Amino acid sequence: MLLSMPNHYQTRAPRGQNGVRGTLTKPRKRKEAWEHGRVYRPWGYYQSIDGGERHQVKRIVVKPGHKLSLQKHHHRAEHWIVVRGAAEVTRDADTMMVHENESIYLLIGSVHRTVNPGKIDLELIEVQTGSYLDEDDIVRIEDVSHRA
Numbered sequence: 001m002l003l004s005m006p007n008h009y010q011t012r013a014p015r016g017q018n019g020v021r022g023t024l025t026k027p028r029k030r031k032e033a034w035e036h037g038r039v040y041r042p043w044g045y046y047q048s049i050d051g052g053e054r055h056q057v058k059r060i061v062v063k064p065g066h067k068l069s070l071q072k073h074h075h076r077a078e079h080w081i082v083v084r085g086a087a088e089v090t091r092d093a094d095t096m097m098v099h100e101n102e103s104i105y106l107l108i109g110s111v112h113r114t115v116n117p118g119k120i121d122l123e124l125i126e127v128q129t130g131s132y133l134d135e136d137d138i139v140r141i142e143d144v145s146h147r148a
């Protein structure tokens, strides 16, 4: 039997000769196991939900009145699905509202940002696909956190 938990998996061996089952718990060999899930930023937080060699899924929560940096990526595309609240999304030269149960696709290289203009947390599911998915594939055009 295999039990899956967010940061660990647990296997239960069949009964041995003495009738006792053994249990083994190991941390998953994934970033989430040692990053404790949520990564906090001034605008809110994100949490990795799933990932593979060419995809990553994140839950992103943006606090009311906050925004992410204007940015682009060289190696990945992103698909944002709004699951709570409404997002004001800039994609290249266009700005549009994306409401709950709606989504937007961001091509590799498109300049984008999201703003939470509402009074409740904005919650997005972000699906990243591409050849390189690490956080250093972010080119910040306007950095709201003023990182060096």
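Residue numbers are given in UniProt numbering: position 139 of the sequence shown equals residue 139, and the series is strictly consecutive. Ideal Cβ placement from N, Cα and C applies to all residues, glycine included. Given the structure is predicted, the values throughout are model-derived calculations rather than measurements.
Next item on the list: Alpha carbon to alpha carbon, how far is A93 from Y46? Give it in angstroms, no decimals.
Entry: 26 Å
Note to self: Check this for me: beta carbons of H79 and G130, under 8 Å apart or not?
What the structure shows: no
Item checked: Alpha-carbon to alpha-carbon, R54 and Y132 -> 7 Å
Item checked: Residues bridged to K72 [DSSP beta-bridge criterion] -> V139
Margin query: Does I104 come out as helix, strand or coil in the three-state DSSP assignment?
Written below: strand
Note to self: Within 8 Å, do at least three Cβ pairs link the stretch 111-124 to the stretch 83-100?
What the structure shows: yes
Notebook entry, point to check: Start and end of the beta strand (DSSP E) containing S48?
Noted result: G44 to G51
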